[in-house]
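Heads up, the final residue of the sequence shown is numbered 380 in our numbering, and it's a clean run with no missing numbers. Ideal Cβ placement from N, Cα and C applies to all residues, glycine included. Some notes on the structure that comes next.
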Amino acid sequence: MLKKLFAAIIALALLCSLALPVSASEVVLPSGIGEEAIGEAIEDFVQDHEDTMAGLSVSVFRRDCVLYRNYFGYADKENRIPVDKNTVMEWGSATKLLVWVSAMQLWEQDKLDLEADIRTYLPKDFLRNLKYDEPITMLHLMNHNAGFEDSIVGMMTTDERQIVSLETYLRTIQPQQVFAPGEITAYSNWGVALAGYIVERISGMPFYEYAHTQIFAPLSMEHSALNADLSDNNWVKLQRKNLECYTTDAERIPNCRHHIIMYPAGMCTSTLEDFETFAMALLDRESPLFADPATYDVFVSPSDYIGDRDIPLNHHGMWAEAYYSTHVIGHGGNTIGCSARLLLDLGSGVGMVVMTNQSGEMVFNYDLPELVFGEC
5 MLKKLFAAII
15 ALALLCSLAL
25 PVSASEVVLP
35 SGIGEEAIGE
45 AIEDFVQDHE
55 DTMAGLSVSV
65 FRRDCVLYRN
75 YFGYADKENR
85 IPVDKNTVME
95 WGSATKLLVW
105 VSAMQLWEQD
115 KLDLEADIRT
125 YLPKDFLRNL
135 KYDEPITMLH
145 LMNHNAGFED
155 SIVGMMTTDE
165 RQIVSLETYL
175 RTIQPQQVFA
185 PGEITAYSNW
195 GVALAGYIVE
205 RISGMPFYEY
215 AHTQIFAPLS
225 MEHSALNADL
235 SDNNWVKLQR
245 KNLECYTTDA
255 ERIPNCRHHI
265 IMYPAGMCTS
275 TLEDFETFAM
285 ALLDRESPLF
295 ADPATYDVFV
305 SPSDYIGDRD
315 IPLNHHGMWA
325 EAYYSTHVIG
335 HGGNTIGCSA
345 RLLLDLGSGV
355 GMVVMTNQSG
365 EMVFNYDLPE
375 LVFGEC
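As structure tokens, this is what we get:
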């Protein structure tokens, strides 16, 4: 039973200043680079790759303090608008972590059973394209093994007038269930949006409103927007107009402002500091996101494994990342014009977030974190 406490993966709760090697200069990150040297290492890396960089925001932190935070390049290269603390960028699929935190909060309150048939929480006959009799659970949605064929049909629009409610979208667009639940891991944006709708049904409020009241407000994330049109935070909506988007070669992408109608799957837009704040809360067993630290223990514990091997694949919606020398979990994301990553090493208590205004960017999202977490 999930109500039993999973084997906790709890990092040492030490202040950064109390990390206890012989001297502060000897405090090292999982990569072996000293904490005091990580800034210079990142800046050298950025300089080596600045020819293909547009804009970049990056932060390295422990659960209780920021080790390094900086901004590079341009939010708008043509108009020479630099990336700074007021620049907002899109999280892409890292937004999905808001859905999984919400699900765990409702589980903690006994309002959601992660192993119950999700039809318990949906209107009668809501799901039309089920092929298998086995129940689909919230845990299946978290692990992306509910069996849904992924669909991007109608997922986004450039016209705000075409935005519909999450319920309307999910009723209108329903992919086929092509695998039995629990059988195959198949990434599903639609499945995450469905999970967000279940949060709506249980909480009685739109998902973006739930996220504001139960996640953003407790963390004092005042510079984040989530609704498809960003109307839930006018400051963010205005700041987004200052951001232009680019390819991996730093060539401008025209008309990159898209509204993701299934927004819980990828619409969150924020400053670096808000993204960092959220990530730091996911490193903290005493996080204000949960009333009981035991809920956090369950959340970060493995929920799915690679085949029949004892190798974690998923941690209740956070993916196990196989790119680094230590066991890192987190989530990346891409939109039409931005890319981002949120990475956590629970063992060392170190995390990192990266945001860029380049679509499908790999150098800063995947190679740069090696400076923190080590090469695989």
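Just to confirm, are V302 and L350 a CB contact at a threshold of 7 Å?
Position 298 of the sequence shown holds residue 302. Position 346 of the sequence shown holds residue 350. Cβ distance not < 7 Å, so V302 and L350 don't count as in contact.
Please classify M366 as buried or exposed, where buried requires at least 16 neighbouring CB atoms within 10 angstroms.
Within the sequence shown, numbered from 1, the residue matching residue 366 stands at position 362. When all chains shown are included, M366 counts as exposed.
Rounded Cβ spacing between Y300 and G378 (contact assumed at less than 8 Å)
The residue given as residue 300 occupies position 296 in the sequence shown. The residue given as residue 378 occupies position 374 in the sequence shown. Not a contact, Cβ separation roughly 25 Å.
Contact belief for L372 with I46 at Cβ below 8 Å, rounded distance in angstroms
Your numbering for residue 372 matches position 368 in the sequence shown. Your numbering for residue 46 matches position 42 in the sequence shown. Indeed, because the Cβ distance is near 7 Å, the residues count as touching under 8 Å.
Let me confirm a value: C249 is counted as buried when at least 16 other C-beta atoms fall within 10 Å, else exposed. Which label applies?
For the purposes of this step, residue 249 is taken as the residue at position 245 of the sequence shown. Result: buried.
Grab me the residues of N133's own chain with a C-beta within less than 8 Å of its C-beta, minus the 5 sequence neighbours each way, in chain order.
Numbered from its first residue, the sequence shown carries residue 133 at position 129. Excluding the 5 residues flanking it on each side, N133 has same chain C-beta neighbours closer than 8 Å at Q178, P179, Q180 and Q181, in chain order.
Contact between the segment 229 to 236 and the segment 198 to 216: three or more CB pairs below 8 Å?
yes
Going by CA-CA distance only, name the one from D121, A79 and D314 that's closest to M57.
Taking the sequence shown and counting its residues from 1, one reaches residue 57 at position 53. That would be A79, whose Cα lies nearest to the Cα of M57.
Of the listed residues V240, T176, I219 and G151, nearest to T281 (C-alpha basis):
By one-based count along the sequence shown, residue 281 stands at place 277. Considering only alpha carbons, the answer is I219.
Is the beta carbon of G321 less than 7 Å from the beta carbon of P268?
As a first step, residue 321 must be located in the sequence shown, where it is residue number 317. As a first step, residue 268 must be located in the sequence shown, where it is residue number 264. Contact flag unset, no.
When the Cα atoms are used, what is the spatial distance from G77 to E290?
By one-based count along the sequence shown, residue 77 stands at place 73. By one-based count along the sequence shown, residue 290 stands at place 286. Using only the alpha carbons, I get a separation of about 35 Å.
Where does I167 sit, in a helix, a strand or coil, going by DSSP?
Counting from 1 along the sequence shown, the entry for residue 167 is found at position 163. Correct three-state label for I167: coil.
Which same chain residues, not among the five before or five after M356, have their C-beta less than 6 Å away from its C-beta?
Locating residue 356 in the sequence shown gives position 352, counting from the first residue. Within the same chain, M356 has close Cβ partners V64, L347, P373 and V376.
Taking just the CA atoms, how far does L118 sit from F10?
For this step, residue 10 is matched to residue 6 along the sequence shown. For this step, residue 118 is matched to residue 114 along the sequence shown. Below a pLDDT of 50, predicted positions are generally treated as unreliable, and F10, at 34, falls in that range; no measurement from the model is reported.
Where does the unbroken beta strand (DSSP E) through E379 begin, and where does it stop?
What you label residue 379 is simply residue 375 of the sequence shown in a count that begins at 1. Looking at the DSSP string, E379 is not in any beta strand (DSSP E), and its letter there is neither H nor E.
Roughly how far, in whole angstroms, is the beta-carbon of M93 from the beta-carbon of A344, given that I think they are within contact range, below 8 Å?
What you label residue 93 is simply residue 89 of the sequence shown in a count that begins at 1. What you label residue 344 is simply residue 340 of the sequence shown in a count that begins at 1. Confirmed, Cβ separation roughly 7 Å.
Per-residue burial, C272 [other beta carbons within 10 Å of its own, 16 or more giving buried]:
For the purposes of this step, residue 272 is identified with residue 268 of the sequence shown, where counting begins at 1. It counts as buried.
Between the C-alpha atoms of Y370 and I333, what's the straight-line distance to the nearest angstrom?
One-based indexing of the sequence shown puts residue 370 at position 366. One-based indexing of the sequence shown puts residue 333 at position 329. Roughly 13 Å between the two C-alpha positions.
Out of curiosity, what's the CA-to-CA distance linking M142 and R313?
As a first step, residue 142 is located in the sequence shown; it is residue number 138 there, counting from the start. As a first step, residue 313 is located in the sequence shown; it is residue number 309 there, counting from the start. Cα to Cα, the separation comes out at about 23 Å.
Supposed close pair S97, G341 - CB separation, criterion 8 Å
In the sequence shown, the residue the question calls residue 97 occupies position 93. In the sequence shown, the residue the question calls residue 341 occupies position 337. About 14 Å separates the two Cβ atoms, so there is no contact after all.
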